[in-house]
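Quick note on the numbering used here: the sequence shown kicks off at 3 and runs consecutively. Yeah, the Cβ is synthetic: ideal placement off N, Cα and C, and Gly gets one too.
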Amino acid sequence: MMGTKQDYYIKGSNYKSVFNGAFTKMQIYKASENKSYTLTSKNDTLYWEDYSTNKDEAVKYELQKNKETILGIACDVLIVEAKKSKTYFYFNSKYNIDPELFKRHNYGNWYFTISKTKALPLKTVYETDQFILTSTATEIKELKLKDSLFEIIDKKKTAKAFW
């Protein structure tokens with residue numbers, strides 16, 4: 003569905019993921035709109051979701067120190083239990099982020115998570131009754147990104163997400 007590879011880019015409060023999957027091809031989060039736009043393999047329409055809402059709110063969390071090493075970096079883990087899922091966020095403060103940039107980003111408990119870690123995850127394990135999704139960093143590079151990387155080119159080709 004999402005593939006075996008994800009390229010993740012972040013600049014300020016915007017981010018973009020590019021996937022090699024059979025269904026999901028790309029996702030862009032636009033902080034100014036607090037929306038995520040997803041491109042699927044079905045057509046060239048970008049499907050948007052309002053990220054002020056959260057369909058699976060966190061009910062408790064636990065922080066554990068020095069749980070895993072990723073790319074030679076010792077990582078703590080934040081375990082977030084929600085009503086329908088459990089997510090493990092492995093992080094190191096070296097990759098810090100200002101949580102206030104995402105204060106309105108409630109979807110997926112993103113603000114909840116980074117308000118606790120104050121860092122981007124190097125590994126995420128997302129568990130539900132239907133599946134387990136694991137994403138692990140294999141390379142980290144600092145890049146100079148243009149704002150145009152996060153632009154929605156043709157707003158006429160957008161529609162509210164149906165999932």
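Across the structure, Lys-27 and Thr-160 are spaced so that their CA atoms are roughly 15 Å apart. Lys-57 counts as exposed, since fewer than 16 other beta carbons sit within 10 angstroms of its beta carbon.
Around the beta-carbon of Ile-134, fewer than 16 other beta-carbon atoms lie within 10 Å, marking it exposed.
Between the C-alpha atoms of Thr-126 and Lys-162 there is a straight-line separation of about 27 Å. Taking a 10 Å sphere around the C-beta of Val-82, we find 16 or more other C-beta atoms and assign the residue as buried. The criterion of a C-beta distance shorter than 8 Å is satisfied by Gly-14 and Leu-103.
In this structure the stretch 116-123 lies against the stretch 87-96, because at least three pairs of beta carbons, one per stretch, are closer than 8 Å.
The DSSP-derived three-state label of Tyr-90 is strand. Restricting attention to beta strand (DSSP E) runs no shorter than 3 residues, the stretch 24-54 encloses them at 26-32, 37-42 and 48-52, ordered along the chain. Within its own chain, the residues whose Cβ lies closer than 8 Å to the Cβ of Ser-87, once the five positions on either side in sequence are excluded, are Asp-58, Tyr-128, Glu-129 and Thr-130, listed in chain order. Ranking Trp-165, Lys-44, Thr-89 and Ile-72 by CA distance to the CA of Thr-140 puts Ile-72 first. Judged by DSSP secondary structure, Thr-126 falls within the beta strand (DSSP E) whose first and last residues are 121-129.
Note that the C-beta distance between Asn-111 and Ala-60 is below 8 Å.
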